[in-house]
Amino acid sequence: GGVSNRGGTNPNLAWRGINPYPGIYKDSQMQMLRSVPVAERRSLSAAWPILFESDEEHRDWVTSKPHVFVSYMLGHEGERSLASILKRRGLVEGILVGVSREDDTFAMLRVNFQ
Numbered sequence: 322g323g324v325s326n327r328g329g330t331n332p333n334l335a336w337r338g339i340n341p342y343p344g345i346y347k348d349s350q351m352q353m354l355r356s357v358p359v360a361e362r363r364s365l366s367a368a369w370p371i372l373f374e375s376d377e378e379h380r381d382w383v384t385s386k387p388h389v390f391v392s393y394m395l396g397h398e399g400e401r402s403l404a405s406i407l408k409r410r411g412l413v414e415g416i417l418v419g420v421s422r423e424d425d426t427f428a429m430l431r432v433n434f435q
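If you're matching positions, the sequence shown starts at 322 in the working numbering and goes up one per residue.
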């Protein structure tokens, strides 16, 4: 036997439509961040929360896999790709793209240039 269904609801659904990262969407102000390097290491990471407003939006994400498309576009190392150009110029050693967190209400898309 498997796990019996006791008729409970998904606890994640209570958070549907609530931004887990307030201040970065809609009425928020753009901000510029400046940093000072403390080591001889180059790395740039960026993350975008993707909010699912409905079950349909989440199903579309799961079936269309846009994060896979983004990883192919950024990580492809063909002759004139972004990755190969940045590598030839000595700006990166590699590019990592993926989803670091995903549930029924949101996913976190991350890009890391090393």
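Even for Gly, the Cβ is constructed at its ideal location relative to N, Cα and C.
Just so we're clear, the structure is a prediction, and the values are computed from it rather than from any experiment.
Exercise. Would you check if the distance between the CB atom of Ile-371 and the CB atom of Phe-434 is smaller than 8 Å?
Key: Reading the sequence shown from its first residue, position 50 is the one you call residue 371. Reading the sequence shown from its first residue, position 113 is the one you call residue 434. No.
Exercise. Look at the Cβ atom of Ala-404, then the Cβ atom of Leu-417, and state whether they are nearer than 8 Å.
Key: Locating residue 404 in the sequence shown gives position 83, counting from the first residue. Locating residue 417 in the sequence shown gives position 96, counting from the first residue. No, the Cβ-Cβ distance between Ala-404 and Leu-417 is not below 8 Å.
Self-check item: Distance between Asp-376 and Thr-330 (C-alpha atoms, nearest Å)
Solution: Mapped onto the sequence shown, residue 330 falls at position 9. Mapped onto the sequence shown, residue 376 falls at position 55. When rounded, the distance between both Cα atoms is 14 Å.
Quiz item: Does the Cβ-Cβ distance between Arg-391 and Leu-430 come in under 8 Å?
Solution: Translated into the one-based positions of the sequence shown, residue 391 becomes position 70. Translated into the one-based positions of the sequence shown, residue 430 becomes position 109. The residue you asked about is not Arg; residue 391 is Val in the sequence shown. A contact, by the Cβ cut-off of 8 Å.
Exercise. Name, in chain order, the residues that DSSP records as bridge partners for Met-429.
Key: Translated into the one-based positions of the sequence shown, residue 429 becomes position 108. Paired residue(s): Pro-370 and Arg-422.
Quiz prompt | Inter-residue Cα distance where the pair is Glu-423 and Ala-367 | solution = Position 102 of the sequence shown, counted from the first residue, corresponds to residue 423. Position 46 of the sequence shown, counted from the first residue, corresponds to residue 367. A straight line joining the alpha-carbon of Glu-423 with that of Ala-367 spans about 16 Å.
Self-check item: DSSP three-state assignment for Leu-403, whether helix, strand or coil
Solution: As a first step, residue 403 is located in the sequence shown; it is residue number 82 there, counting from the start. Under the three-state reduction of DSSP, Leu-403 is assigned to helix.
Practice problem: Go through its chain and collect everything with a Cβ distance to Glu-414's Cβ below 6 Å, but skip five positions before and after it. | Solution: As a working note, residue 414 is residue 93 in the sequence shown. Leaving aside the five residues that flank Glu-414 on each side, the residues in its chain whose CB is nearer than 6 Å to its CB run, in chain order, Gln-435.
Quiz item: Helix, strand or coil for Tyr-346 per DSSP?
Solution: Stepping through the sequence shown from its first residue, residue 346 is reached at position 25. In this predicted model, Tyr-346 has a pLDDT of only 49, less than 50, meaning its place in the structure is not dependable; the value taken from the coordinates is given anyway. Three-state DSSP puts Tyr-346 in coil, outside helix and strand.
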